[in-house]
Amino acid sequence: MSESGDDTLKIDIDGWEGPLDLLLALARNQKVDLRAISILDLVEQYLAFVNEARELRLELAADYLVMAAWLAYLKSALLLPRNPEESPSPEELALRLQLRLERLNAMREAGARLVARDRLGRDVFLRAAPEGLRVVRQARWEAEIYDLIAAYGRISARTRPVMHVVAVRDVMTLEEAIDRVSTLLGTRIEWSTIESFLPEGASGTYRKSALASSFVAALELARQGRLEIRQKSAFAPLYLKASA
Amino acid sequence: MTEPGDLADDLGRAVEAVLFASEHPLSIDEIKGHVGQDADVRGALAALEALYAGRGIELARRGDRWHFQTAADLAHLLRRDREESRKLSRAGIETLAIIAYHEPVTRAEIEAIRGVQISKGTIDVLMEAGWVRPAGRREVPGRPLTYATTPGFLSHFGLASRRDLPGIDDLKAAGLLDPVDLAFETMESETVTEDE
Amino acid sequence: MTEPGDLADDLGRAVEAVLFASEHPLSIDEIKGHVGQDADVRGALAALEALYAGRGIELARRGDRWHFQTAADLAHLLRRDREESRKLSRAGIETLAIIAYHEPVTRAEIEAIRGVQISKGTIDVLMEAGWVRPAGRREVPGRPLTYATTPGFLSHFGLASRRDLPGIDDLKAAGLLDPVDLAFETMESETVTEDE
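Line by line, the protein sequences are chains X, U and S.
Anchor point for the first sequence: position 120 equals 120 in the numbering used here, and the numbering is continuous, going up by one each time.
Just add 1000 to wherever you are in the second sequence, counting from 1, and you've got the numbering used here.
Just add 2000 to wherever you are in the third sequence, counting from 1, and you've got the numbering used here.
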């Protein structure tokens, strides 16, 4: 890299990770706290480095040249009389540069401290073949007496033979109605409503059954010519009378 | 009694660390490969063996190889039983109820009563819980195994004996029969009557 | 100097064996799960720590968990070629440090601190090592992915938690973990005060 006979110049461009890295290295060369570095000196050093590289016709990456141009601007702004209208001020730019260098430096040092720690698998080792701890899970089954009894009740209800009980219902059969109507008919001279043929005091489903059976009995007796049926209009009262 | 200080020499520490970090028991030659060919590894092993004697960790020799192992009498500590409480499934509780009310009872009888097949695991769970035991074979074709409840069953459910299990009439009186089933039964009988 | 006999009590042996057999660092509660809930595990650990101090194996504490490991100064005896971890590049180390101290952090933020772009491979190497993981997206335009460290990072570097990162409190106090903009605003307000 270096020209023959010039052993003082050491430029190893591959060693730097960008312009900020180079600036940090130069700043650390000032051997003061980064908060106290001279930005102007730093700019001078950077520009000198870039100029040397150019003289050696080293190919610098574009970002080094961009940084050089920016630093050259910063330098002139810092040296020239201050223009209060200018924003951001050159002092602000210089301060921001310094803050960036501090942050990069902090992380570089933190990284170095981190990798210098006793590292597992490199500096310290765990037991390579531990017997291992085993947890044997055992189920402790829970059930309550209520659950047990209720379960049995459930099975019983589900599997008990189903018995169908047919309730005895109070009805008047057709035969009964025919007997009744034909007997009562003899005692009636005038037209009588069908309801008057029902048993006295009949109510509820029995009355309905008696009414229906008596109606069918009346139809049957009319068919036999033993009685006559009269009704003035639909749903009007139904009258029965023995045939003349 | 060996003072730990005796072993605080570099070789003892080195052999200790090498054996600890090794995946396999190591021969003296292999240890030398780590700590140096001229080291008195045999002497260091003897010192370590004495130092660890009676401790929770022991230096053990397997043939011509050495390794650390946990003391054999502490093996029970390395296995830890953890109880987890689990609720019986519906199939489990029904099967248990049938066994309790009908014991001794065969699997086929349980299935006939439940109206569904029971899986192998169901009875296993009840046996694991300590509530059910095999109770001999029934002397019928196929000699099926019967099941009955255990004293553990009685004590878990707070029963003095099986006679303390409420009868089916008690269940009905207590309203423990499934109301849905009962309601369905009632409706069904009405429908049948009306059809006639 | 502690006599080995002091520790030959059952509890010391038990804790020693349990820690030795475990594949992972154990908390005091976990140890109690093996040696008994009422045991003075803390006392036993302190005794073991003293007993092993300066030996080839050490009792190490990581946060609230304990494990045995080899003494760091013996690393040269234990390094095995196949386990020789690839040396991290400077870019890798810095990127890892930035992620650890700033997490969760985006790639752009890492680049802003380093002043250069980071190649795709740099974060890949850290993820492959198991030290860095994607940690969700930041809800800003572009929804960039953020990165954070893993439990594997902590244990590899012998850290109980991120609070144990070397110098993190000082860096925080000095504002060196704040972005430049924020630090600048802070300084500017101080400067203004000084100008007056």
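The beta carbon of each residue, even a glycine, is placed where N, CA and C say it ideally should be.
In the DSSP assignment, Gly111/X falls within the unbroken alpha helix (DSSP H) covering 90–115. In this structure Gln98/X is buried. Its beta-carbon is surrounded by 16 or more other beta-carbon atoms within 10 angstroms. Taking C-alpha positions only, Arg230/X is separated from Ser182/X by approximately 17 Å. Spatial neighbours of Leu2096/S in its own chain (CB-CB distance under 6 Å, excluding positions within 5 residues in sequence) are listed in chain order as Leu2126. Looking only at Lys208/X, Ser89/X, Trp16/X, the smallest Cα-Cα distance to Tyr64/X is reached by Trp16/X.
Restricting attention to Pro199/X, Ser209/X, Glu142/X, the CA atom closest to the CA of Leu174/X is found in Ser209/X. When 8 Å is used as the limit between beta carbons, Leu2171/S is near these residues of chain X: Ala106, Ala110, in chain order. The beta carbon of Phe49/X sits no closer than 7 Å to any beta carbon of chain S. In this chain, Asp1081/U is not harboured by any alpha helix (DSSP H); it is covered by the beta strand (DSSP E) spanning 1079–1087.
Gln45/X sits in a helix when the DSSP states are folded into three classes. Cβ neighbours of Ile2113/S within its own chain (closer than 7 Å, five residues either side excluded): Ile2098.
Between the stretch 1050–1057 of chain U and the stretch 1080–1097 of chain U, the count of Cβ pairs shorter than 8 Å is below three; the stretches do not touch. Counting the other CB atoms within 10 Å of its CB gives Trp2131/S a total of 16 or more, which places it among the buried residues. The stretch 1009–1020 of chain U makes contact with the stretch 2071–2081 of chain S: 3 or more CB pairs, one atom from each, lie closer than 8 Å. Lys241/X: member of the beta strand (DSSP E) spanning 239–242, first to last residue. Close CB contacts of Gly2175/S within its chain, under the 8 Å cut and outside five residues either way in sequence, are with Leu2182, Ala2183, Thr2186 (chain order). Listed by position along chain U, the residues whose Cβ is nearer than 7 Å to that of Val2018/S are Leu1077, Leu1078.
Not one beta carbon of chain S lies nearer than 7 Å to the beta carbon of Val66/X. Residue-level contact check: Thr159/X touches chain U, since one or more beta carbons of chain U fall below 7 Å from its beta carbon. With three or more CB-CB distances shorter than 8 Å, the stretch 19–36 of chain X counts as touching the stretch 45–56 of chain X. Bridge partners of Tyr2147/S according to DSSP: Val2105/S, Pro2134/S. Secondary structure note for Arg154/X: its alpha helix (DSSP H) is the uninterrupted segment 145–159. Burial is judged here by how many other beta carbons sit within 10 angstroms of a residue's own beta carbon; Glu2030/S has at least 16 and is buried. Residues of the stretch 214–233 of chain X with a C-beta less than 8 Å from any C-beta of chain U: none at all.
At a cut-off of 7 Å between beta carbons, Arg140/X contacts chain U. Residue environment analysis places Ile189/X among the exposed positions, since fewer than 16 neighbouring C-beta atoms fall within 10 angstroms of its C-beta. Only those residues of the stretch 141–157 of chain X whose C-beta falls short of 9 Å from the nearest C-beta of chain U are listed: Trp141, Glu142, Ala143, Glu144, Ile145, Tyr146, Asp147, Leu148, Ile149, Ala150, Ala151, Tyr152, Gly153, Arg154, Ile155, Ser156, Ala157. Tyr1101/U is the residue among Leu1059/U, Glu1023/U, Tyr1101/U, Gly1012/U whose C-alpha sits nearest the C-alpha of Tyr152/X.
For the pair of segments examined, the stretch 124–132 of chain X was found to touch the stretch 2063–2072 of chain S: the number of CB pairs separated by less than 8 Å reaches three. Within chain X, the residues placing a beta-carbon under 7 Å from that of Glu2094/S are Met107, Arg108, Gly111, ordered along the chain. In the structure shown, Arg2013/S falls within a helical segment according to DSSP collapsed to helix, strand and coil. Residue pairing by DSSP puts Arg1062/U in a beta bridge opposite Arg1065/U.
Listed along the chain, the chain X residues whose CB falls inside 9 Å of the CB of Arg1082/U are Val135, Val136, Arg137, Gln138. Bounds of the beta strand (DSSP E) holding Ala139/X are 134–142.
The C-beta of Glu44/X comes no closer than 7 Å to any C-beta of chain S. Counting only the Cα atoms, Ile1057/U lies some 21 Å from Asp1010/U.
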